[in-house]
Structure formats: structure tokens, C-alpha cells
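Here the structure is laid out as C-alpha cells; the discussion comes afterwards.
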Amino acid sequence: MLVSQKTPVYLVGGAVRDALLGRESHDLDFVVAERAIALAYKVADGLGAAAYALDKERDTGRVVLPDGTVLDFARYRGVDLAADLRERDFTINAMALPVTATALDDLVDPCGGLADLQAGLVHPTHPQAITDDPVRALRAIRLALNLGFQMTVETMAALPAAAPLLNQLSPERVRDEWLKLLQTAAPHRAVRLMAEGGLVAAVWPEVVALVGVAQSPPHHEPVFDHTVSVLRWLVELEATVEQSGGLSQSGRLSQSGGLRYSELAAYWARPVTGGLDGRTLLRLAALFHDVGKARTQSIGPDGRIRFLEHDQVGAGLVGERLRFYRFSTEAISHVKQIVAGHMRPLFLTAQESVSRRAIYRFFRDFGPAGLDISFLALADHLATYQTAEAAGDAQWARLLALVAQLYDQYFQQYEQTIRPRPLVNGDELMTALQLRPGPEVGRLLRLIEEAQAAGEITTWKEAIQLARGQRDKREA
Numbered sequence: 015m016l017v018s019q020k021t022p023v024y025l026v027g028g029a030v031r032d033a034l035l036g037r038e039s040h041d042l043d044f045v046v047a048e049r050a051i052a053l054a055y056k057v058a059d060g061l062g063a064a065a066y067a068l069d070k071e072r073d074t075g076r077v078v079l080p081d082g083t084v085l086d087f088a089r090y091r092g093v094d095l096a097a098d099l100r101e102r103d104f105t106i107n108a109m110a111l112p113v114t115a116t117a118l119d120d121l122v123d124p125c126g127g128l129a130d131l132q133a134g135l136v137h138p139t140h141p142q143a144i145t146d147d148p149v150r151a152l153r154a155i156r157l158a159l160n161l162g163f164q165m166t167v168e169t170m171a172a173l174p175a176a177a178p179l180l181n182q183l184s185p186e187r188v189r190d191e192w193l194k195l196l197q198t199a200a201p202h203r204a205v206r207l208m209a210e211g212g213l214v215a216a217v218w219p220e221v222v223a224l225v226g227v228a229q230s231p232p233h234h235e236p237v238f239d240h241t242v243s244v245l246r247w248l249v250e251l252e253a254t255v256e257q258s259g260g261l262s263q264s265g266r267l268s269q270s271g272g273l274r275y276s277e278l279a280a281y282w283a284r285p286v287t288g289g290l291d292g293r294t295l296l297r298l299a300a301l302f303h304d305v306g307k308a309r310t311q312s313i314g315p316d317g318r319i320r321f322l323e324h325d326q327v328g329a330g331l332v333g334e335r336l337r338f339y340r341f342s343t344e345a346i347s348h349v350k351q352i353v354a355g356h357m358r359p360l361f362l363t364a365q366e367s368v369s370r371r372a373i374y375r376f377f378r379d380f381g382p383a384g385l386d387i388s389f390l391a392l393a394d395h396l397a398t399y400q401t402a403e404a405a406g407d408a409q410w411a412r413l414l415a416l417v418a419q420l421y422d423q424y425f426q427q428y429e430q431t432i433r434p435r436p437l438v439n440g441d442e443l444m445t446a447l448q449l450r451p452g453p454e455v456g457r458l459l460r461l462i463e464e465a466q467a468a469g470e471i472t473t474w475k476e477a478i479q480l481a482r483g484q485r486d487k488r489e490a
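Quick note, the sequence shown lines up with residues 15 to 490 if you use the working numbering.
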């Protein structure tokens, strides 16, 4: 169909790049000299697919195939194809192939993209390419990480100039690009490259405030560097879950550990309002988990550095930042819970044993976010020490055992420990104790549920007796 068009049609951009690299692409961009939207509808009719106009002013249309493949059709950005390609972001994205192409000789490459592709380089098409659209600064890092390429000296030099210009763009557009960085296989490297290019200050001012903030042992890094290390360990531990392996004392892959792999992987894959998933929210929380430390640092008479209530302060800060970037209420609430609760597993490991009551209270306070809090605690612990071997002590063993216990109770004993089925309802309780509707009924029902979760009561009669005793105690 496209081959038979009177006006030449060209495949451009990332799809050409991926084809030359032998990679699959499900987002195909085509350009024509005119009537691009009309062509989109014609293609959609021929394929029995849906189509719509993306931008009438720029003559851009989209076709969505049943398998999810997206075909975009656009009019040249400039006077001709060469001008269109020269106005694109990076040379490796500025190549075109006519749909009639039969050999590599048909490649249209005015910016030298093929040479950069073969050399593994991310290079701008012209000196102002990145500052013309500052979000390209973030995209350059993503391309380098996803393709395993290097950014050229010119690319790196352009990042600081683009950083302050990001604030002139819509928050949603900037958000979508940096989220893709967190979703790469190496989010820790993305943050490092952003820092080197001066982008962290523009995108996450609360995070850049952590640079140089010192910590006492056993931490071996300042807070910002520790945060990057947490992301690095998080990715390694995520891979452990995906491979259904366990964690050894050093955090290496093994067949021990007792974590609920398939359930946890499914939990991370769940969709979250705003086109996100659970894994992305966990990485977001890891990035911001210690963000409150810059505002709460204090040095005691003994010289020890403390960060009292940094978890609560950090939860407030991440909430503000995510609201600025127009995240959904669901996403903001979940990330705030993780940040607010990220110290709780450490407190639980200080206990000789963790009771069902303590586990119930943990998930009562944090809900499903408790799963992420527990996993983040593992990465946080490993990042606190300089090497995995240094973390392989009794404290690490206790933490790993705690997380395995929490997961087992959540995934295997949910109705017994996490959210037990009520033994008594409000009406029954009011009738049995001759109570009027009010806060006291709710308080007693919560006490009953907690005792049930702890395994202390199992019947309706025991529930009523417990409630009566608690009421009499308060009235005494």
C-alpha cells in the first residue's frame, strides 16, 4: 500500500535506527511531503485498524494496529526530507529509508547517523539540537543507556545549558522523559549521568540537595551517593526475583532466601493510574527515600550524625514533587507510604522475634506498600556497606529473614494475619454490649481485628468478651 503511493513515503527516526541494529520496533514513524493525516486514514482502512489525527496543524496522524504497533504519519518538518532529518535530535535518529528500499544504499543520511551508529555514539544533529528542545538532554542519556552507547563530548557539553530550560517545558513532558530513565536497566547510571550534566538540580531539586550531606558509620557514602547505590542494589535484587533465585548472606544469587518470587513480580507488574506500574513506584521511592535527610541532619555532642524524622519529612517532600509533576493520587499516596515507612523494617529487626501482631500492625499502617518497604530495606542495607560481603553479618540475616516472614504472611496467610475476616460486625457488637453508634464501636472492632490477627481469639464469643473487657477497662 505505501509502496504504491504517488508521493514518496519514508520510514524515519528510531525505527530505522533499530532496524539497522537488528532490533524490533513497534513504533514506526513515516514522513511524506503532504497529506499525512489522509494517508494515515487510508492505511488504517486498508489494515482494518483505528486511526486518528494527532496534530491537524502539523498534519500528523496515527494508526494503531491490533497488536499494539503504532504507525505515525507526518508531513516534513522542513521544506524537504533532508531539512526534516537535520532538525531531529540525534544523528542516529536522523536517518530515513524509502518504503521502496531494497538495499542499504537507499539510506538517506544527511547527518552521518550510520557512522555514529556503527561507532556507538549519541551525537546531536547540530549544535543547538539539545537546547532547541531541552527534554532531549534526558533523552540522550536514555538512548545511551538503552543502546549501550557513549554520549559524545558535544552531547555532554550541551546538557548543562539545557538544564535550566527544562523548567520552561510542561511538567508532564519532563516527567515522562525522566520516568523512562528510571525504567531503564540501569537507573543508578541514569542518575549519575544526570548529575554530571547538571540535570538533577533542574528535575529533582530535593535530591541534588543530598550531595555532600555526610552520614555516620556504618554508612560509607554521603546521602546522594548512598541513594545511587540503593538504586544499583535495587536493580540487582529485582533481577534476583525475576530469576526466581534467592539471596545469600552477601546478597548474591542463590536458591535460598524464602522470598515470594512469583507473587512479588506480579505485584510489581500491576498497573497504576497514570500509565505506571508497581516497579516504577518502587524505584521512585528508592530515589526519594532519604530526601528528608538534607533538612534533618544534626550532629550530637558525641559527633554522631543523626536524621531524626527524616522519613516523615521525606514523605512530605516527595509528595510535593510528585504533585508538581502531575502524578496520580494513587501513585503519590503509594510512594509517600514507602518513604514514610522505609525505616520500619530496621526497627522490627531490633526485636528478638516478630509477632503476628507486629506484622498485622505493619501492614495495617502501610497496606500493600509494606511489600515495597520491605524490599527497599534490603537494598538500603546492602548500600549502607561498602561491599556485599561487609553486609553479610547477623543483621543482614535477620533482615532477610524478616522480609521473608513478612512476605509469607502477606501472600500465604493474608486472611489470618493481614486482613482477617470479621468475627463480629458493628451491629452485633452494639447489640451485645448495648452501645450507641460512635467512635467507641470502631475502636473496639479494631481491637478485635488485631487480637484475631495475633491469633489470640478465634470465635464470636471470644470477640465479644474481649470487647466487653476493653469497654469496662476504659469506663473504670
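From the three backbone atoms N, C-alpha and C, an ideal C-beta is built for every residue, glycine too.
Quantities reported herein were computed from a predicted structural model and do not represent experimental measurements.
With a beta-carbon spacing of about 6 Å, Leu458 and Leu443 fall inside the 8 Å limit used to define contacts. Within the segment 300-346, the runs of beta strand (DSSP E) at least 3 residues long that lie entirely inside it are, in chain order, 311-313 and 319-321. Look at Leu437 here: in three-state DSSP terms it is coil, with no helix or strand label. CA-to-CA, the gap between Ala411 and Glu235 works out to about 22 Å. As DSSP reads the structure, Thr294 sits in no beta bridge.
Contact annotation: Thr114 and Asp130 have beta-carbon atoms that are not nearer than 7 Å. In the three-state reduction of the DSSP assignment, Phe163 falls in the coil class, being assigned neither a helical nor a strand state.
Comparing alpha-carbon positions, the option among Arg340, Glu334 and Gln409 lying closest to Phe361 turns out to be Gln409. The residues Ala29 and Leu85, in chain order, have a CB closer than 6 Å to that of Leu42 in the same chain once the five nearest residues on each side in sequence are set aside. Unbroken alpha helix (DSSP H) runs of no fewer than 4 residues, entirely contained in the segment 99-149, are found at 127-133 and 143-146, following chain order. Taking C-alpha positions only, Val205 is separated from Thr198 by approximately 11 Å. Arg318 and Ser230 have their alpha carbons spaced roughly 6 Å apart. Going by beta carbons, Met357 and Asp407 fall outside the 7 Å limit.
Rounded to the nearest whole angstrom, the C-alpha separation of Thr431 and Gly469 is 8 Å. Only residues of its own chain outside the window of five on either side were considered, and among them Leu458 and Leu461 have a CB closer than 7 Å to the CB of Gln484, listed in chain order. For Arg76, the enclosing beta strand (DSSP E) covers residues Thr74 to Val78. For His202 against Arg156, the beta-carbon gap comes to about 14 Å, at or over 8 Å, which does not count as contact. Judged by DSSP in its simplified three-state form, Pro201 adopts helix. Between Val214 and Val222, the CB-CB gap stays under 7 Å.
One alpha carbon belongs to Pro315, the other to Arg482, and they sit about 50 Å apart.
Around the CB of Ile387, 16 or more other CB atoms lie within 10 Å, so the residue is classed as buried.
CA-CA distance, Ala88 to Val77, rounds to 12 Å. For Leu173, the closest C-alpha among the options Arg100, Gly288, Gly211 and Leu159 is that of Gly211.
In this structure, the alpha-carbon of Gly333 lies about 41 Å from that of Gly127. Rounded to whole angstroms, the Cβ separation of Thr473 and Leu416 is 31 Å, and the two are not in contact under 8 Å.
In this structure Thr166 is in contact with Leu135, their Cβ atoms being roughly 5 Å apart against a cut-off of 8 Å. At the C-beta level, Leu331 and Glu220 come within 7 Å of one another. For Arg450, the secondary structure class from DSSP, reduced to helix, strand or coil, is coil. Inclusion of Ala50 and Gly27 in the CB contact set at 7 Å is not warranted, their separation being larger than that value. The Cβ-Cβ distance between Thr287 and Ser342 falls below 7 Å.
By alpha-carbon distance to Trp282, the top candidate from Gly306, Asp239, Gly62 and Leu248 is Leu248. Thr116 and Glu101 have their C-alpha atoms roughly 26 Å apart. Beta-bridge analysis with DSSP links Val221 to no other residue. The closest CA to that of Gln311, considering only Phe338, Gln365 and Val225, is found on Val225. Annotated as distal: Ala175 and Ala216, with beta-carbon spacing of 7 Å or more. In the DSSP annotation of this structure, the continuous segment of the alpha helix (DSSP H) that includes Leu35 starts and ends at Gly28 to Leu35.
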